[in-house]
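Heads up, the thing below is written out as structure tokens.
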Ligand code: NAD
Ligand code: AHE
Ligand code: ZN
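Numbering (the working numbering), first residue to last: 1269 to 1637.
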């Protein structure tokens, strides 16, 4: 069928709105009508050409919500009419990774997902007989997309698509990093680097679990007011700190952060995030995604003396199990999504969403179809 999609033909170039061909779902797959999709920094990262897995031409987008319209042979867990959130981290519940219960990184389809194709090695998208790559197994910048059954979370039907799409990445990533990865406890002192679409969700979860100090670090002073509304207790603009940032933060937190979170994707800041942690027990969680060729470094002494470096993908969440619960939290008013969605626009204006992000003027833009 013919669908409307924003196509990334080349890295570094604006997306192009096109009518593209979408094949129906094969066995084990579902077709979803995407109603809304957030634009995450990771989409910009891949479009920039810095993603070693970035493939072009492709249909980007991984933060969507929509309705199942058709299911392939053998699909049992969802049916047409079900409301769903696509999962770039699927949950097959049968691979070694899922069964380990030690990670959320289901590997059932990771290889083909990274190659921009469905599990059978082919793409469902094409234009003028030219194959278009899927992206992160989701391709939500299209009004219809095809996904493996294991890559959709069924959600309640009263949840608004243009809000809960954000749970498809940013909300779950930030909230989950606090709850699942770091397991922040009441009274902990937390430092959050980067007060964007991810960092603000880290902040709201830190407040939710009863953190004591919640320090936000950002170069953009315009992020301060919203971060305070979400629970930040202290704002630090590195440009205004005399001398080194790390000793300043250690001083501020009276010995170092119990937990720090890097929500930028800058390897130099990742080092600062680790080193501002408390000696003996501080845990630093890397969330930000850094470009190809970038590496982190620190003195091993930092780890020998008890600081712990961790990473978190999709907030350590098991999508089919956890995403419906996070939707419930939103619907019950336990988490605030509305104030983070600063811009909503039709898919035709998706390039404006990238521009707003680059200018630091948005937290989350959502495109609708
Ligand atoms: P964003 O652009 O909304 O926010 C980034 C923030 O960092 C901005 O407020 C910016 O002003 C600030 N910043 C930039 N450079 C800085 C510096 N040197 N010092 C202090 N602050 C600085 O981005 P986002 O959508 O919140 O994403 C953040 C990162 O998380 C990206 O790298 C993204 O790819 C990654 N991400 C990872 C996962 C995961 O599962 N691990 C999921 C989603 C996003
Ligand atoms: N292809 C990229 C991977 C980037 C990355 O780490 N992605 C995160 C999700 S970011 C969502 O906004 C993730 O889930 N990683 C685990 C995985 O298996 O990809 C690169 O840099 O190579
Ligand atoms: Zn994302």
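Yeah, the Cβ is synthetic: ideal placement off N, Cα and C, and Gly gets one too.
For residue j and residue i, believed in contact at Cβ under 8 Å, the rounded distance
i: residue 1400; j: residue 1275; result: 6 Å
i: residue 1430; j: residue 1634; result: 5 Å
i: residue 1485; j: residue 1446; result: No, residue 1485 and residue 1446 are not in contact; Cβ-Cβ is about 16 Å, not under 8 Å.
i: residue 1412; j: residue 1328; result: With 8 Å as the limit, residue 1412 and residue 1328 do not qualify as a contact, their Cβ atoms being about 15 Å apart.
i: residue 1468; j: residue 1631; result: 6 Å
i: residue 1528; j: residue 1569; result: Incorrect: roughly 18 Å between the Cβ atoms, too far for contact.
Those residues which DSSP pairs with residue i across a bridge
i: residue 1361; result: Paired residues: none, contrary to the question.
i: residue 1304; result: 1333, 1636
i: residue 1412; result: 1301
i: residue 1273; result: 1286, 1410
i: residue 1577; result: 1552
i: residue 1395; result: 1398
i: residue 1484; result: 1460, 1503
i: residue 1609; result: 1632
i: residue 1594; result: None; residue 1594 has no bridge partner.
i: residue 1621; result: According to DSSP, residue 1621 bridges with nothing at all.
i: residue 1668; result: Residue 1668 lies beyond the range of the chain shown here (1269 to 1637); nothing can be said about it.
Three-state secondary structure assigned by DSSP to residue i
i: residue 1626; result: helix
i: residue 1549; result: coil
i: residue 1567; result: coil
i: residue 1521; result: coil
i: residue 1614; result: strand
i: residue 1637; result: coil
i: residue 1316; result: helix
i: residue 1438; result: helix
i: residue 1529; result: strand
i: residue 1338; result: strand
i: residue 1238; result: A question about residue 1238 goes unanswered here, because the residues of the chain that appear run from 1269 up to 1637.
i: residue 1557; result: coil
i: residue 1450; result: helix
i: residue 1473; result: helix
Option nearest residue i by Cα separation, candidates the options
i: residue 1621; options: 1385, 1384, 1585, 1465; result: 1465
i: residue 1645; options: 1561, 1624, 1546, 1476; result: The structure shown does not extend to residue 1645, since the chain is modelled only from 1269 through 1637, so no value can be given for it.
i: residue 1439; options: 1411, 1594, 1280; result: 1594
i: residue 1581; options: 1316, 1342, 1627, 1356; result: 1356
i: residue 1395; options: 1463, 1324, 1443; result: 1324
i: residue 1616; options: 1383, 1392, 1410, 1389; result: 1410
i: residue 1479; options: 1459, 1495, 1491; result: 1459
i: residue 1362; options: 1425, 1319, 1372; result: 1372
i: residue 1607; options: 1496, 1516, 1563; result: 1496
i: residue 1252; options: 1637, 1402, 1381; result: Any question about residue 1252 goes unanswered here, given that the chain covers just 1269 to 1637.
i: residue 1488; options: 1433, 1523, 1627; result: 1627
Residue j beta carbon less than 7 Å from that of residue i
i: residue 1299; j: residue 1338; result: yes
i: residue 1551; j: residue 1450; result: yes
i: residue 1306; j: residue 1331; result: yes
i: residue 1358; j: residue 1302; result: no
i: residue 1340; j: residue 1293; result: yes
i: residue 1317; j: residue 1279; result: yes
i: residue 1619; j: residue 1348; result: no
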